[in-house]
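Asker: One structure is given below, represented as structure tokens, and several questions about it will come after.
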Amino acid sequence: MATQQTRSLARFMMAPSVVLLFVWMIVPLVITIWFSFQQYNPLNPIRDGFVGFSNYALFYSNPAFLQSILNTLTLVISVLLITVIGGILLALLIDQPMWGQGIVRILVISPFFVMPPVAALVWKNMIMHPQYGVFADIARFFGAQPIDWFGQHPMLAIIIIVAWQWLPFATLILLTALQSLDGEQKEAAEMDGAGFISRFIYLTLPHMSRAITVVILIQTIFLLSVYAEILVTTNGGPGYASTNLPFLVYQKALLEFKIGQASAGGVIAVILANIVAFFAMRAVGKNLDK
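Each residue of the sequence shown is one higher than the one before, starting from 1 at the first, in full-length UniProt numbering.
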């Protein structure tokens, strides 16, 4: 049991890292908040000045704002559903004894190590291209008309690409949880006559609940900041059909040079992320306390 002296020593040793992390986080946030109340355009710096909440009002009144919020939530919820359900199914599959099991597991988790821009380029030019893509060849093989994914269904295309990237992460975490299930419990359930579905619902799924909540929490934080996939594939279009909140901030900052409005959008994004993280942390805390 740790004494007061060892606890004090641990706090003293951790203090520099905590202070550095705090400064690393708080300085950019303070600068962003300050710019959100300023009228600043790097192409016309003479017009600098304090404008109060005007940037927030202008960002909110942007026609793309509500659409970007809706797209952000649609992307997060859709990818979570695909990755959690798909991750559970894949974890159950690759947990079964099979020839070349190690190679199969490496292949399953390999998409997670591909950089997002590279993955988006591969999907755009090799898989979803309306003329030369794999999906177009499959459609023509069955006598169907190829789909222009990024023109007709841009948000669905983004969801598929992002889900493909995050599915290995969910599978790996859920597989680890699945392998920690006591084999004696499964044998006892089998001896009691429980079928596969009953064992999954009443034994396997409750055992994986903590891992599922951790996957949801971590992925939600990262999915709220998806940006590269949209930039490489649809550039937020057609119109605002695939524009999410981070991409809208990028447009205001680097395309329109409206740093104040972009900073206001960044603050709004931080608030939205903290609200989502708050409820996710509560869900994780309840699961971990069980």
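Ideal Cβ positions, reconstructed from N, Cα and C, are used throughout, including at glycine.
So, helix, strand or coil for residue 38, using DSSP?
Answerer: strand
Asker: Going by DSSP, what residues sit across from residue 50 in a beta bridge?
Answerer: 38
Asker: Less than 8 Å between the CB atoms is what I'm expecting for residue 91 and residue 178, so what's the real figure, rounded?
Answerer: Right, the Cβ-Cβ distance comes to about 5 Å (below 8 Å), so this counts as a contact.
Asker: How many Å lie between residue 1 and residue 166 at the Cα?
Answerer: Summary for residue 1: the model assigns pLDDT 47, below 50, so the residue's position carries little reliability, and this model does not support an answer.
Asker: Of the residues 241, 219, 244 and 258, which one's Cα is nearest the Cα of residue 276?
Answerer: 219
Asker: At the level of alpha carbons, what is the spacing between residue 268 and residue 28?
Answerer: 15 Å
Asker: Do you know offhand how far residue 32's Cα is from residue 111's?
Answerer: 34 Å
Asker: Secondary structure at residue 215, three-state DSSP: helix, strand or coil?
Answerer: helix
Asker: Of all the alpha helix (DSSP H) runs that stay within the bounds of the stretch 75-128, which reach a length of 4 or more residues?
Answerer: 101-109 and 116-122
Asker: In the structure shown, what three-state DSSP assignment does residue 207 receive?
Answerer: helix
Asker: Specify the secondary structure class of residue 256 as computed by DSSP and reduced to three states.
Answerer: coil
Asker: In whole angstroms, give me the CA-to-CA distance for residue 278 and residue 215.
Answerer: 15 Å
Asker: Mind checking which residues open and close the alpha helix (DSSP H) that includes residue 135?
Answerer: 134-141
Asker: For residue 147, which three-state DSSP category applies?
Answerer: Residue 147 falls in the coil class under three-state DSSP.
Asker: Does the distance from the CB of residue 243 to the CB of residue 71 come in under 9 Å?
Answerer: yes
Asker: What separation, rounded to the nearest whole angstrom, lies between the Cα atoms of residue 7 and residue 226?
Answerer: 40 Å
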